[in-house]
Structure formats: structure tokens, C-alpha cells
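Residue numbers (this note's numbering), protein chains in the order written: chain A, 115 to 227; chain B, -14 to 100. Read the structure below first, then the notes.
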Amino acid sequence: AQSVTQLGSHVSVSEGALVLLRCNYSSSVPPYLFWYVQYPNQGLQLLLKYTTGATLVKGINGFEAEFKKSETSFHLTKPSAHMSDAAEYFCAVSEYGFQKLVFGTGTRLLVSP
Amino acid sequence: GAGVSQSPSNKVTEKGKDVELRCDPISGHTALYWYRQSLGQGLEFLIYFQGNSAPDKSGLPSDRFSAERTGGSVSTLTIQRTQQEDSAVYLCASSFVQGENEKLFFGSGTQLSVL
């Protein structure tokens, strides 16, 4: 069965600092991997996704993630945090495309001035 | 509408009562999903509708939960005889294109509180 582990329920960074949100997955077949973001009082939005091909995936708002099969990881990074990046981030895996996405428990990103 | 709409945004009910949660997907989206987000948990898949196919109900936690989708559009999630452990945010999502170009759009959710 597929599963996702997000390390750290909260991550705090200073504005301008590197953002690193960790995600490890378990899947019996080549997975589809996703990062979603949820801003306060808004629905989840897709940040980026990995399906096949290039392992470094670029998403919206300067975020990117790298699929590392050997490490079963799909960590999310951004070189320089902005105050507007404060939100909750969810990693997800699917073995069936977009059906039955399995989500992690989420990581709340806090950005201080 | 411009996005996935869910109503009500908040619902408080007494244990043992039935509740209905509504989802209006984006017009033209053929796929519709229900997820549940409990406190401290990830999003839990509940049910998936795709076009006229039989829904995938494999995520429904018990027979107190049911969902329907009328006319390939609006969906209603019904929870009968609610229990306190049903308290959670119920999220609806819809999408149009299957395959690698598919993209899920989520609603803002219904916060259900069972007293």
C-alpha cells in the first residue's frame, strides 16, 4: 500500500532563507507524486507534480521538488522564502494517476520577517 | 462558478443526527472526489465519481457514509447517525482531463463538528 511521511508538522524560516519541506513515500509501483498548498481559508492548490520524465519538477511561486527514487523522497524546496509562502503544504502519492491520492499529514510553513 | 463550491462551510450537529454535505464541482468536470481531513491526520480518500461509471466507494469508513452525484454534476455526501469521530473537514475536489494533464481543484471544505 502507498503511504506518505512528511517530517515536521511545523517548519519555521526567516524571510529570504531556504525553504525545505521533506516528503518520503512508499509505493509498490512507480508513483505519481504531488505537492499541494493550502493558504488560510482557501482550498488546496496544486503546486507541482511528478509523473514521468525529468526528476526535477518546477512548480508555481518558485517552488521545485526532486524525485529521488533511491531515497523514496520528493522534498519541496524554494531558494528564498517570502512572507506570502506561509501556508500548509501537503505531499501526496498515487499509484493510479489522480485517483485515490494518499496525502501526508501536512507541514505548516511559518515565515518570519 | 469559478471554482469548486462546498456548502455549508461549517456544520455543527448532535451525535446521532444525519447530515448532508454538498459539493458543486467546476462545470464540465467529469471526475469528483471526496476526502476527509481529521485533526492531525492527512487527507483520507473517501469516494470517487468518474462520468457515468460506478463510483469507487472503497474509502468510505462505514455504511453510515454514502454519496451520490446527480446528473454528473452536484454531489451530496450523507453521514447517518453521526458520531463524534466523524468530526473533520470534508473536502471535495473535481477534475476534467485524465492522465498526466489532469489537475485536481479543491473546494474550501465543510468543517463538521459532532457534539
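Heads up, the beta-carbon is just placed ideally off N, CA and C, and yes, glycines get one too.
Q.
Tell me which residues of the region 174 to 189 of chain A have at least one Cβ-Cβ distance to chain B shorter than 8 Å, keeping chain order.
A. Residues of the region 174 to 189 of chain A with a C-beta less than 8 Å from any C-beta of chain B: none at all.
Q: Would you mind telling me which residues of chain B sit closer than 9 Å to Val61 of chain A, beta carbon to beta carbon, in chain order?
A: Absent from the structure is residue 61 of chain A, since the part of chain A shown begins at 115 and ends at 227.
(Q) Rounding to the nearest angstrom, what Cα-Cα distance links Tyr164 of chain A and Phe148 of chain A in this structure? (A) Looking at the two C-alpha atoms, the distance is approximately 6 Å.
**Q.** One or two residues paired with Glu129 of chain A in a DSSP bridge
**A.** Bridge partners of Glu129 of chain A: none, in fact.
Q.
Using only CA atoms, which one of A:Leu132, A:Pro144, A:Gly130 and A:Val127 lies nearest to Ser187 of chain A?
A. Scanning A:Leu132, A:Pro144, A:Gly130 and A:Val127 for the CA closest to the CA of Ser187 of chain A turns up A:Pro144.
(Q) Looking at the strands, I want to know which residues DSSP matches up with Asn175 of chain A. (A) DSSP lists no partner for Asn175 of chain A.
Q. Quick one: what does DSSP say Gln120 of chain A is sitting in, helix, strand or coil?
A. Strand, per DSSP.
**Q.** C-alpha distance - Ser126 of chain A paired with Leu97 of chain B, whole-angstrom precision
**A.** Ser126 of chain A and Leu97 of chain B: Cα-Cα distance of roughly 29 Å.
Q. Taking all protein chains shown into account, do 16 or more other C-beta atoms lie within 10 angstroms of the C-beta of Asp48 of chain B, making it buried, or fewer, making it exposed?
A. Answer is exposed; the Cβ neighbour count stays below 16.
Q) What did DSSP end up calling Lys183 of chain A once you bin it into helix, strand or coil? A) In the structure shown, the three-state DSSP call for Lys183 of chain A is helix.
Q. Just reading off the beta strand (DSSP E) that Ala195 of chain A is part of, what are its end residues?
A. If you look at Ala195 of chain A, you'll find it isn't in any beta strand (DSSP E); DSSP assigns it neither H nor E.
Q. With 16 as the cutoff for other CB atoms within 10 Å, does Pro10 of chain B come out buried or exposed?
A. With a 10 Å radius around the Cβ and a threshold of 16 neighbouring Cβ atoms, Pro10 of chain B comes out buried.
Q. What's the C-alpha gap between Val4 of chain B and Asp71 of chain B?
A. Rounded to whole angstroms, the gap between the alpha carbons of Val4 of chain B and Asp71 of chain B is 11 Å.
Q. CB Lys182 of chain A to CB Phe30 of chain B, shorter than 8 Å?
A. Taking 8 Å as the Cβ cut-off, Lys182 of chain A and Phe30 of chain B do not qualify as a contacting pair.
Q. List, in order along the chain, the chain A residues whose C-beta lies closer than 8 Å to that of Ser93 of chain B?
A. For the C-beta of Ser93 of chain B, the chain A residues within less than 8 Å are, from N- to C-terminus, Asn155, Gln156 and Gly157.
Q. If Phe90 of chain B sits next to Gly(-12) of chain B, beta carbons under 8 Å apart, how far is it from one beta carbon to the other, in whole angstroms?
A. Sure, about 6 Å apart at Cβ, within 8 Å.
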